[in-house]
Amino acid sequence: MSGDALIIAIFFVMLVNILRYMSSLRTLLCMMREANPLLYQQVNRGSNNFFSPQGDISRQKRLFHYIRSQEYMHHHDEAFIAKCNKVRHLFILSIALVIALVVSLFFVAFAGL
């Protein structure tokens with residue numbers, strides 16, 4: 004297996020998982036509207052620009068810290084907890100795949116695979 008094929012394979016797996024993460028995050032925001040309205044207001048504030056470049060980064064950081072610190076574990080809705088867990092695991096997987104891609108790029112470039 005050539006190094007180029009390895010990089011392309013890791014890239015496509017990474018791309019699919021990032022798309023899964025973004026889709027789950029959108030679903031989580033929709034669920035959050037009813038499951039946790041206060042957090043939804045803090046994160047989205049009624050506008051639908053969470054994913055746009057003009058979105059407020061502090062809102063995104065608030066949701067990131069909420070999921071990273073697992074504050075959702077004390078929530079009463081089991082479906083909401085499950086969706087938060089899924090988003091958290093997909094984020095970790097996506098970051099690991101990005102790191103694997105960067106490492107494989109350096110490995111292929113310097114080892115001459």
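For the sequence shown, the working numbering begins at 4 and goes up steadily by one. Cβ coordinates follow ideal geometry from the N, Cα and C atoms, glycine included. A quick note: this is a predicted structure, and the numbers were derived from the prediction, not measured.
Item	Value
Report yes if the CB atom of I10 is closer than 7 Å to the CB atom of S72, and no otherwise.	no
Is K86 buried or exposed, if buried means 16 or more other CB atoms sit within 10 Å of its CB?	buried
Indicate the three-state DSSP secondary structure (helix, strand or coil) for S5 in the structure shown.	coil
Using the rule of at least 16 other Cβ atoms within 10 Å of the residue's Cβ for burial, across every protein chain shown, is V90 buried or exposed?	buried
Would you tell me roughly how many angstroms separate the C-alpha atoms of A103 and V111, rounded to the nearest one?	12 Å
Determine the DSSP secondary structure at P40, reduced to helix, strand or coil.	helix
In whole angstroms, what separates the C-alpha of S97 from that of L18?	8 Å
Out of Y69, D7, S55, which one is the CA nearest neighbour of N39?	Y69
Rounded to whole angstroms, what's the CA-CA distance from L22 to G115? Just pull it up for me.	31 Å
When DSSP labels each residue in this structure, what does H79 get in the three-state scheme?	coil
Once DSSP output is grouped into helix, strand and coil, what is the label at N47?	coil
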